[in-house]
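Novice: Residue numbers (this note's numbering): 4 to 227.
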C-alpha cells in the first residue's frame, strides 16, 4: 500500500457553507477519494464559492492516479443531493418527513402542533394512540448546530420507563451527546441527516404521497 502524511485541520467547516461543486467532490467519509485543487482551496482558504461549475480536473500519471468509479460517484452525488433537498425543508416539513418515514416502517404517528410538544414532536406506535408497545417518542431538531449532552439528558428525563426514544438532529451530535445516549435509562436511537436519508431511501416505495411531495425522488436502475 501507499502511506502518506496528512495534516488534520482542527477547525470544523460547516457543510452548508460549501458550494455544491465542492460538496459533490468530497465523497463519503467511509471511502478513499481525491479532492480536486479547487475544492482544497475552498476548504483551506475559506474562499466564498463564486460558481457551482466544476472545473476540469487533470488526471495525474503514475501510481498517484485515482481510478474513478462512475456508478459509485453517481450514488454519492445523489445521496448528497437528497441531503441538500431535506436541508431546505422548514421545521414543520422536517417533522412531517420524519413522521412519514416512520409510517413507511409500519408505525402510526401522532404529530404535535408547533410549540406544544414538551419534548415530544412525534409519538409513533402500532396502534397510533401510544397504548401498544413499542411507544416511540421522537424529538426533531432541524438546525446546523450539533446537539449536546444536556439536550439529550433533558429529552431522556421526560420519558417513562417503557418508552423508546428517537432523537433526530440534522446538525448531528457531539461526542458527549452520543455518550449520554449510550448510558440512557431507556433505549434511545440517534438519527443524523445521513441516517434519515438512508431510512427514507430504503422505505421510499412504502412512503405515502404527502411525504413523497416533501422529497420527490425517482428510481434509476444501474448495473449491480
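Glycine residues also receive a C-beta, built at the ideal position from the N, C-alpha and C atoms.
1. For the alpha helix (DSSP H) holding residue 111, just list the boundary residues, first then last.
2. Are the beta-carbon atoms belonging to residue 100 and residue 218 less than 8 Å from one another?
3. Output the residue ranges of the alpha helix (DSSP H) runs that lie fully inside the segment 136 to 218 and measure 4 residues or longer, sorted by chain position.
4. Would you be able to state if there are at least three C-beta pairs under 8 Å between the segment 138 to 157 and the segment 167 to 183?
5. CA-CA distance, residue 89 and residue 164?
6. Whole angstroms are fine: how far does the CA of residue 214 sit from the CA of residue 103?
7. Less than 8 Å between the C-beta atoms of residue 168 and residue 191, yes or no?
8. Between 157, 129 and 94, which has its C-alpha nearest residue 107's C-alpha?
9. Among the residues of its own chain, which have a CB less than 8 Å from the CB of residue 86, if the five just before and after it don't count?
10. If you draw a straight line from the C-alpha of residue 177 to the C-alpha of residue 131, how long is it?
11. How is residue 117 classed by DSSP in three states: helix, strand or coil?
12. Using 10 angstroms around the beta-carbon of residue 123, count the other beta-carbons present and answer buried if the total reaches 16, otherwise exposed.
13. What are the boundary residues of the beta strand (DSSP E) that residue 127 is part of?
14. For residue 138, count neighbouring Cβ atoms within 10 angstroms of its own Cβ and tell me buried if that reaches 16, exposed if not.
15. Nearest-angstrom Cα distance between residue 40 and residue 225?
16. May I ask you to report which of helix, strand or coil DSSP gives residue 53?
17. Is residue 9 buried or exposed, if buried means 16 or more other CB atoms sit within 10 Å of its CB?
18. Rounded to a whole number of angstroms, what is the C-alpha to C-alpha distance between residue 91 and residue 76?
19. Using the three-state DSSP reduction, which class does residue 20 fall into: helix, strand or coil?
20. Could you give the residue range of the alpha helix (DSSP H) that holds residue 105?
Specialist: Let me lay it out:
1. The residue labelled residue 111 in the question sits at position 108 within the chain shown. Looking at the DSSP string, residue 111 is not in any alpha helix (DSSP H); the run it does join, the beta strand (DSSP E), is 111 to 114.
2. As a working note, residue 100 is residue 97 in the chain shown. As a working note, residue 218 is residue 215 in the chain shown. Yes. Within cutoff.
3. 152 to 160, 178 to 185, 196 to 205 and 212 to 217
4. yes
5. As a first step, residue 89 must be located in the chain shown, where it is residue number 86. As a first step, residue 164 must be located in the chain shown, where it is residue number 161. Computed Cα separation, rounded: 33 Å.
6. Taking the first residue of the chain shown as position 1, residue 103 is located at position 100. Taking the first residue of the chain shown as position 1, residue 214 is located at position 211. C-alpha separation (whole angstroms): 5 Å.
7. Position 165 of the chain shown, counting from 1, holds the residue named residue 168. Position 188 of the chain shown, counting from 1, holds the residue named residue 191. It is a contact, given that the beta carbons lie within the stated cut-off.
8. Numbered from 1 along the chain shown, position 104 holds the residue referred to as residue 107. Residue 107 has its Cα closest to that of 129, out of 157, 129 and 94.
9. As a first step, residue 86 is located in the chain shown; it is residue number 83 there, counting from the start. Answer for residue 86: 196, 197 and 200, listed in chain order.
10. In the chain shown, the residue the question calls residue 177 occupies position 174. In the chain shown, the residue the question calls residue 131 occupies position 128. About 32 Å.
11. Counting from 1 along the chain shown, the entry for residue 117 is found at position 114. Residue 117 falls in the coil class under three-state DSSP.
12. Working through the chain shown from its first residue, we reach residue 123 at position 120. When all chains shown are included, residue 123 counts as buried.
13. Position 124 of the chain shown, counted from the first residue, corresponds to residue 127. It spans 125 to 128 - the beta strand (DSSP E) in which residue 127 sits, taken as one unbroken run.
14. On the chain shown, position 135 is the one that residue 138 refers to. Buried, since its Cβ has 16 or more Cβ neighbours within 10 Å.
15. Within the chain shown, numbered from 1, the residue matching residue 40 stands at position 37. Within the chain shown, numbered from 1, the residue matching residue 225 stands at position 222. Going by the C-alpha atoms only, they are around 30 Å apart.
16. Residue mapping note: residue 53 aligns to position 50 of the chain shown, counting from 1. Unreliable positioning characterises residue 53 in this predicted model, as indicated by a pLDDT of 49, which lies under 50. A coordinate reading is not provided.
17. Here the question's residue 9 lines up with position 6 in the chain shown. By the neighbour-count rule (16 or more Cβ atoms within 10 Å), residue 9 is not buried but exposed.
18. Taking the first residue of the chain shown as 1, we reach residue 91 at position 88. Taking the first residue of the chain shown as 1, we reach residue 76 at position 73. One C-alpha to the other measures close to 23 Å.
19. By 1-based counting over the chain shown, the position of residue 20 is 17. In the structure shown, residue 20 sits in a helix (DSSP, three-state: H, G or I).
20. Position 102 of the chain shown, counted from the first residue, corresponds to residue 105. Here the alpha helix (DSSP H) through residue 105 covers 94 to 107.
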